[in-house]
Amino acid sequence: MKTGKRKKWIVLVLAFVIIMIGIFIAIKEYRKGTETFKMIFIPKIVDETNDFWTSLLDGVDMATTEFDIDMTIVAPASEEDYERQNELIEWAITQNPDAILICPCNYTKTTGAAKKVLEAGIHLILIDSVVDEEIQEAIIATDNVEAGTKVGKYMKKYVEEDTEIAIVGHVKGTSTAIEREYGIREGLEEASERIVDVVFCDSSSVKAYTLTVELMKKHPNITLIGGLNEYSAVGAAKAIRDLGLGDAVTVVGFDSSTEEIRLLESGIFEGFVIQKPFNMGYLGVQQALKIVKDEEYEPYLDSGSELITRENIYTEENQKLLFPFRGGK
Amino acid sequence: MPKKQKSWSIFLRKFKSIRMAMLVSFSTLIIVTLISFLFISLNYTEDTVLNNSTEYTSKIIKQVNVDIDAYITYMENISSLVAYNNDVQNYLFDTDLNSTTETVLYQSILTQFSTVMEGREDICNIGILADSGKHVLNAGKSELNEYASLDTMKWYKNTITNMGTTSLSSSHVQNLIKYNYQWVVTLSRSIRNPYINGEYGIFFVDLNYSAISDLCENNSLGTKGFVFILDADGNIVYHPQQQLLYSGLKTERINEVMNCTENSFVTEEGDNSKLYTIATSEKTGWKVVGVAYVSELQSNKDETQLIYIVVTGMLLLTTILMSIILSSAITRPIKGLQESMKEVEQGNFEVVDTSSVLNNEIGSLYHSFNVMTIQIQRLMEQNIIEQRQKRKSELRALQSQINPHFLYNTLDSIVWMSEGKKYDEVVLMTSSLAKLFRQNISNEEEFVAIKNEVEYTENYLIIQQMRYKDKLEYHIDVDKDIYMNNIVKLVLQPLVENAIYHGIKYKEGRGLIEVTGYAEENEIILSVHDDGQGMDDETLMHIFDKHSVNYKSNGVGVYNVQQRLQLHYGKEYGIRYDSKLGEGTTAMIIIPKEIKTGEVFL
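Order-wise, the sequence lines are chains P and W.
All the letters of the first sequence, read from the start, carry residue numbers 59 to 387 under our numbering.
All the letters of the second sequence, read from the start, carry residue numbers -12 to 589 under our numbering.
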């Protein structure tokens, strides 16, 4: 073989090898089309004993697996520790994920940190709660006005001629309290005029208990009480039970717990509206993925709520909502 | 067949070299074979991957089913143990019991329950209940939930309906135990009151739901795939996405599963296509369904395909490289032979080196070629020798002739001189003639010493001078040093003869012929000069032509001399003429000083 010819062959062989490598890379690239996105989720807390957060994380988990997302979950040790959460948000930014999902600990104090997420060019999705500025790209939460309306409409059934109504709220000025109260009034319609008092227990069932006892002394004609969250509802119900007014006074509330279920079964509670944290978590991740992929998404998404009464507590659907199953994990 | 061969040969004729033909045919064959192999493999894998996956999932969900059945069998065994226990019946229904016997019975039942529950974490509740409100629960430490309304519970209703046999509930929250809401699967049966007809009690045992959910969760089908369970009525016993299903965020193909007669089906959802594999338990009627994402199964397929493609590519590369090398190895000797033949064509008879050639058809070609080349070479050499011999004898024949005219004229001159009684002259001429003849005939050698050649020429000149007394004068001056050098015989005399007949003869008055001889550096020059009429350029140009033989001379023409000189000394030697019309002519014989004997120039 002459050197010229040999060169030609070498070129041919090289070309072939390059084509093979090209095909290989092309296939790899094609498969990269389904690449995994990196996200960081920062809830208020990760608490194994709390049904709400456990369900929410289950939902996040489900979506994470289904959509094949590289998800990291970090949370402060307590729901009130917004400072720690802000630190975690800043750490998350340094990880440069595709999206950061936050359940803001504080309505005002979390805003600054959340803004930095956007400044870093990272997608921001809020779950469960909002902050005082509308900075998020999407919010997935329970529509509290809608949930409140459900409670209000249900309460309206128990409105009689001389019914007086009281509302035991959790924290004055929080968005949930305002929205839920507003919803209740909407649901009650003209009966909302019968609301004689609104008190706030600062999310303490003990305080709610004493407040309710005082309320009943002040307004003995009250026959309908609405509790705006689990603590306020349980506190109020327990007070009514202990006052022996279980037959006379109807208590309706928000959120669920074993105690609430017991109180519902025993007839103190007439019903409560529960959120769907599992759906919240699942939808949160789903929306985040849509945003990251630049697909159409809902900027405000209601994760839904359900009115639970003694009659429907053990239906197939509601069992799953009320008793989030935590086996095997 | 012959037709086919023809088309093949037409195909192969398109290529300029055998190597190219081999290469293209081999490569085509290899590529076609490998590509067909690749396609068959790929198709085959696609089918096998799906079949294997179906088989694999089938195995998994069958195992899940077997495990569930094992739980249910265990629970059924407990139920029959309890239901036919006299203690249980007596405790629940005998109204005449005193408190001591009642306690004894109660304890006995509790002991039995404890034994059952011991070491079985998967059994979370076990209990008996009578309409009367009498009950035994677990180890006796659990309280009955006073608010629980049994009549509304589905599993209780089923138990009452399925009198005498066991009923199995779907998954549900057990609210019978105070402060303990647990997800369970309940197996229950009614217990007949032997004393009062139509009154019943029930026995139930709760299987911790996690026992079942764990089974499903631990048997993952890929990262996305999952296992779910439906009861005989199509209610969900376990589904990892149950909450999403209830919220309407997702749907499950429950109807399709319930109506499916096969063991598996594949949904057509593009990238989200799923493989459903179903196993129905004969014991419970439950359906365990495995859902695997086809895309995940195919990721495996993609890898296999990639490997096939890469391997095929490698094989192609190596086989084509091999065919390049092999075809070159096979055709190289043929090429070598071709080149050798070209050499021979150009007259270069070199024998080809056959040491590197294999002993095959090509080897024998080489051998034949070499034999042929040697034969040709020998023939050619022989031919050369024969030609030379022929030439020599021809020349010799010519040079040995003495012109009869010359002889006649000379003899005539001798007669005339004898008649005139010029005896001295007769003697001189006769002796010169005799010498001339002796030299001509005696010497068989081709070469003679220059001395002899000069003497011969002088004898000739003596005779000619005696004949042309008033017309010819000559002068010979040859360097003695070159006397003993050899020269081809009979070369000088013809030049002298030529000078006489073409130069002096036509001159008016006396003519002078000068013969000189001397050595130069490497050459010996013998020159014959006449002051005759000379030659014009035209004549000079044809001086060496064959036809210019003068029959009157002794027959050895200038052509002959020139031929012989060049035959012996080479083309660069021979005769050189120099002539001017009216002034005379000089002919020079130039030969090399040294000559290797035996060398012949053609």
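The beta carbon of each residue, even a glycine, is placed where N, CA and C say it ideally should be.
As the structure is a computational prediction, the values presented were derived from the model and not from experiment.
Inset, instruction - Run the CB neighbour count on Tyr31 of chain W, radius 10 Å, all protein chains shown included, and call it buried at 16 or more, exposed below. - result: exposed
Legend entry - Chain-ordered neighbours of Pro227 of chain W on chain P, where CB pairs are closer than 8 Å: Met120
Legend entry - Interface flag, Tyr230 of chain W vs chain P, CB-CB below 8 Å: In the sequence as displayed, the identity of residue 230 of chain W is Gln instead of Tyr. At least one chain P Cβ lies under 8 Å of Gln230 of chain W.
Legend entry - Test item: CB-CB of Ser310 of chain W and Ser14 of chain W under 8 Å: yes
Legend entry - Nearest to Ser136 of chain W (by Cα), restricted to the options P:Leu380, P:Gly325, P:Glu148: For Ser136 of chain W, the nearest C-alpha among the options comes from P:Gly325.
Inset, instruction - Name, going along the chain, the residues of the stretch 206 to 220 of chain W whose beta-carbon falls closer than 8 Å to a beta-carbon of chain P. - result: Thr210, Lys211
Inset, instruction - Let me know if Leu72 of chain P comes out buried or exposed under the rule of 16 or more other beta-carbons within 10 Å of its beta-carbon. - result: It is exposed - the Cβ of Leu72 of chain P has fewer than 16 other Cβ atoms within 10 Å.
Inset, instruction - Would you mind reading off the limits of the beta strand (DSSP E) that contains Asn206 of chain W? - result: No beta strand (DSSP E) contains Asn206 of chain W, which DSSP labels as neither H nor E.
Inset, instruction - Report yes if the C-beta distance between Glu473 of chain W and Phe434 of chain W is below 8 Å; otherwise report no. - result: According to the sequence displayed, residue 473 of chain W carries Asn and not Glu. Cβ distance < 8 Å, so Asn473 of chain W and Phe434 of chain W count as in contact.
Legend entry - For His392 of chain W, three-class secondary structure by DSSP: His392 of chain W: helix per DSSP, three-state reduction.
Inset, instruction - Report yes if the CB atom of Leu379 of chain P is closer than 8 Å to the CB atom of Glu364 of chain P, and no otherwise. - result: yes
Legend entry - Nearest-angstrom beta carbon gap, Gly80 of chain P and Gly339 of chain P [assumed within contact, 8 Å]: That pair is no contact at about 43 Å.
Legend entry - Where Met605 of chain W falls, given that 16 or more other Cβ within 10 Å makes a residue buried: The requested residue 605 of chain W does not occur in the structure, where chain W is confined to residues -12 to 589.
Inset, instruction - Starting from the C-beta of Ser136 of chain P, find all residues in its chain whose C-beta is less than 7 Å away, skip the five residues before and the five after it, and write them out in chain order. - result: Only Ile103 meet the Cβ criterion.
Legend entry - Assigned secondary structure, Tyr78 of chain W (DSSP; H/G/I helix, E/B strand, else coil): helix
Inset, instruction - For Ile530 of chain W, I'd like the list of residues in its chain whose CB is within less than 8 Å of its CB, leaving aside the five on either flank, ordered along the chain. - result: Listed in chain order, the non-local C-beta contacts of Ile530 of chain W below 8 Å within the same chain comprise Met522, Val545, Tyr564, local neighbours out to five positions each way being set aside.
Legend entry - Cβ-based burial, Val51 of chain W [other Cβ within 10 Å; buried from 16]: buried
Legend entry - Asp260 of chain P beta carbon less than 8 Å from that of Val229 of chain P: yes
Legend entry - Members of the stretch 286 to 313 of chain W that neighbour chain P once the beta carbon cut-off is set at 9 Å: Ser286, Asp289, Gln292, Leu293, Ile296, Val297, Gly300, Met301, Leu303, Leu304, Ile307, Leu308, Ile311
Legend entry - Continuous beta strand (DSSP E) stretch holding His516 of chain W: start and end: First-last of the beta strand (DSSP E) with His516 of chain W: 510 to 517.
Legend entry - Residues bridged to Glu460 of chain W [DSSP beta-bridge criterion]: W:Leu499
Inset, instruction - Report the residues of the stretch 144 to 162 of chain W with a CB closer than 9 Å to any CB of chain P, ordered along the chain. - result: When C-beta distances to chain P are compared with 9 Å, the residues of the stretch 144 to 162 of chain W below that value are Ser157, Ser158, His159, Val160, Asn162, in chain order.
Inset, instruction - Quick one: list the residues of chain W neighbouring Gln333 of chain P, beta-carbon separation under 8 Å, in chain order. - result: Neighbours of Gln333 of chain P on chain W: none; closest Cβ ~12 Å, over 8 Å.
Inset, instruction - Could you list which residues in chain W have their beta carbon closer than 7 Å to that of Glu375 of chain P, in chain order? - result: In chain order: Tyr233.
Legend entry - Three-way DSSP call (helix, strand, coil) for Ser113 of chain P in this model: helix
Inset, instruction - Can you tell me which of the three DSSP states Gly542 of chain W falls into? - result: Caution is warranted here: a pLDDT of 48 is assigned to Gly542 of chain W, below 50, making its placement in the model unreliable, and no coordinate value can be reported.
Legend entry - Own chain residues within Cβ distance below 8 Å of Lys539 of chain W, not counting five before or after: For Lys539 of chain W, the predicted structure reports a pLDDT of 44, less than 50, and the residue's modelled location is therefore unreliable. A value from the coordinates is still provided. Shown here for Lys539 of chain W: same chain residues with a beta carbon closer than 8 Å to its own, the five before and five after excluded, namely Asn390, His392, Phe393, Tyr488 in chain order.
Legend entry - Against chain P: residues of the stretch 72 to 98 of chain W by CB proximity under 8 Å: none
Inset, instruction - Jot down the residue ranges of each uninterrupted alpha helix (DSSP H) in the stretch 226 to 295 of chain W, minimum 4 residues, whole runs only, in chain order. - result: You should have 229 to 233, 241 to 246.
Inset, instruction - Return the CA-CA distance between Glu251 of chain P and Gln345 of chain P, expressed in angstroms with no decimal places. - result: It is roughly 40 Å from the alpha-carbon of Glu251 of chain P to the alpha-carbon of Gln345 of chain P.
Inset, instruction - Measure from the C-beta of Thr316 of chain P to each C-beta in chain W and report whether the shortest distance is under 8 Å. - result: yes
Legend entry - Proximity of Val623 of chain W and Leu208 of chain W at Cβ, strictly below 8 Å: It is not possible to answer for residue 623 of chain W, since the shown part of chain W is limited to -12 through 589.
Legend entry - DSSP three-state assignment for Val229 of chain P, whether helix, strand or coil: coil
Legend entry - Short CB-CB distance (under 8 Å) between Asn222 of chain W and chain P: yes
Inset, instruction - Work out the CA separation of Gln194 of chain P and Leu184 of chain P for me, nearest whole Å. - result: 6 Å
Inset, instruction - Using a Cβ cut-off of 8 Å, pull out every chain W residue sitting near Asn337 of chain P, in sequence order please. - result: Simply Gln230, Leu231, Ser234, Leu236.
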